[in-house]
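Protein chains in written order, with the numbering used here: chain A, 869 to 1002; chain B, 869 to 1002; chain C, 869 to 1002; chain D, 869 to 1002.
For reference, the structure discussed in these notes is given below.
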DNA sequence: GTGGTCTAGACCACT
DNA sequence: GTGGTCTAGACCACA
């Protein structure tokens, strides 16, 4: 078994203002981190407590996210040691597959741009500056 | 009384697949249509029943959206006649202001792209094709 | 977390005889309780179900009032825990400001008294007895 | 038949901002004018058109009020001439009876004053100034 | 025809 | 336990 890497609690960012439930934000983010290759099999997850205090949310909320990820097979429980990325979790996905994960969100924004009567170029320019500037 | 334009029920599109409640989708869409200048003061809104049947949702769901838009000052009620875009509703916003409305969504996507370890250029290419192709 | 006071369900009284909708009666009453200082920031509101059973109305009616008060910024939702008076809600208003809230109603009564050809003194005497006697 | 007096259209005042329907405001006001003795049997009512333009409301709304007052027996229709106060309409009521008509409104205000934590004296002082000053 | 209010009941999400 | 959302259906008020 290869040496184990520990993931930091700041891999997660949540926004409480959104209507999207916090536990779901966490789930989606870990899925992306795995698809992007930043979290790999046998990496140790930060503890529920660490994440909860770092994000300022209820520990039960983090625990629920972890449990659902475990049920989904992406996380595995190591008794007394915490959770790790499961051996069976998917490897880093291909670029095409990762791009496809962004499509629904981009389509939604495109629809909003149309309702705002915005043409493509200024929207692309703004997106470009956000992608690079931050 | 100056001529009045009637908006059609198909200005609205809802997706039931999302977790975002239907009435909120309607609210957001009307806000954008006003900001985009496609709905202007004193335009007549389609009736609650028209929108409800067009979208296949319960009239109360549409009514809830209309009521909240009225409380917000964007719609005005004409007793017995229906709702119209309120006189006090904002005029078409400047292009800069309309772009700003897209910023939060674009920032969210950019964060997701980073978690997926995607560089800017393929993401921009995909967005470009969505904006233009559809 | 500082100590929190819980408001009882009997802070509300509704009269079904009036044409004023129940949810609006609740809204107006809470506004007055806040202006009067009897409900303060971070006080816990009675639950929707408690109020509904205490008043004998449908929970959705109470929920509607709470939602509109939340949209107005007077109430804040605590996910899974209930509603509290929002931090941003106004403090107890000055006596002059509270008096001003009564002015429109008093003006309406004064107009009625004029139409009934009633002079000031008997009307004031009646009002005095009502204010003190009950 | 004694000489006929003509009532002016400005005996009515309506507020469109209220939830109370306009036609009902008109009905209540005429009832009070009769109880107060300012409108007496065989007085000629202002025409529907006059009242509608003076108040800026829909003629159908005034017509509805007149019709309901006729059904109630307070107004009588004189073919081709307009409406008059009916012969059978009650005479000016006693002061005690007229005062009683104000009681429900005053009780409502008293309850509001209690919720605003206002004591009797400032409220009475305000009411006094409104009754006399205007 | 228009919107508003209320009910009864179901299901969901969060803690 | 908490509130939120949606449905189906009834009744009212206004024009």
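Don't be surprised by glycine CBs; every beta carbon is placed ideally from N, CA and C.
is_contact[residue i, chain C] using C-beta, thresh 9 Å
| i | result |
| --- | --- |
| residue 944/B | no |
| residue 888/D | yes |
| residue 936/B | yes |
| residue 917/D | no |
DSSP state of residue i mapped onto helix, strand, coil
| i | result |
| --- | --- |
| residue 917/A | helix |
| residue 952/C | strand |
| residue 943/C | strand |
| residue 874/B | strand |
| residue 999/C | helix |
| residue 973/D | helix |
| residue 992/A | helix |
| residue 881/B | coil |
| residue 981/B | helix |
| residue 986/B | coil |
| residue 869/A | Residue confidence is low: residue 869/A scores 46 on pLDDT, short of 50, so the model does not pin down where it sits. Its coordinate-derived value is still stated next. Coil, per DSSP. |
Chain A contact for residue i (CB, 9 Å cutoff)
| i | result |
| --- | --- |
| residue 980/B | yes |
| residue 872/B | no |
Any C-beta of chain B under 9 Å from that of residue i
| i | result |
| --- | --- |
| residue 947/A | no |
| residue 954/C | no |
| residue 922/A | no |
| residue 901/A | yes |
| residue 941/A | no |
| residue 875/A | no |
| residue 905/A | yes |
| residue 932/A | no |
Rounded Cβ spacing between residue i and residue j (contact assumed at less than 8 Å)
| i | j | result |
| --- | --- | --- |
| residue 902/B | residue 958/B | 7 Å |
| residue 942/A | residue 912/A | Not really, about 14 Å apart at Cβ, beyond 8 Å. |
| residue 961/A | residue 909/A | 14 Å between Cβ atoms; not a contact. |
| residue 988/D | residue 1000/C | 6 Å |
| residue 895/A | residue 937/A | 6 Å |
| residue 915/D | residue 948/D | Contact doesn't hold; Cβ gap of about 12 Å is too wide. |
| residue 980/A | residue 973/B | 7 Å |
| residue 975/C | residue 900/D | About 15 Å; that fails the 8 Å criterion. |
Minimum Cβ-Cβ distance from residue i to chain D less than 9 Å
| i | result |
| --- | --- |
| residue 894/C | no |
| residue 908/C | no |
Problem - Within the region 889–938 of chain C, ranges of the alpha helix (DSSP H) (whole runs, at least 4 residues) - result: 890–903, 916–923
Practice task
Please name the residues in the region 962–979 of chain B whose beta-carbon is closer than 8 Å to at least one beta-carbon of chain A, in chain order.
Solution key: 963, 966, 967, 969, 970, 971, 973, 974, 975, 976, 977, 978, 979
Handout entry: Contacting positions in the region 988–1000 of chain B - beta carbon closer than 8 Å to chain A
Key = 988, 990, 991, 992, 994, 995, 996, 998, 999, 1000
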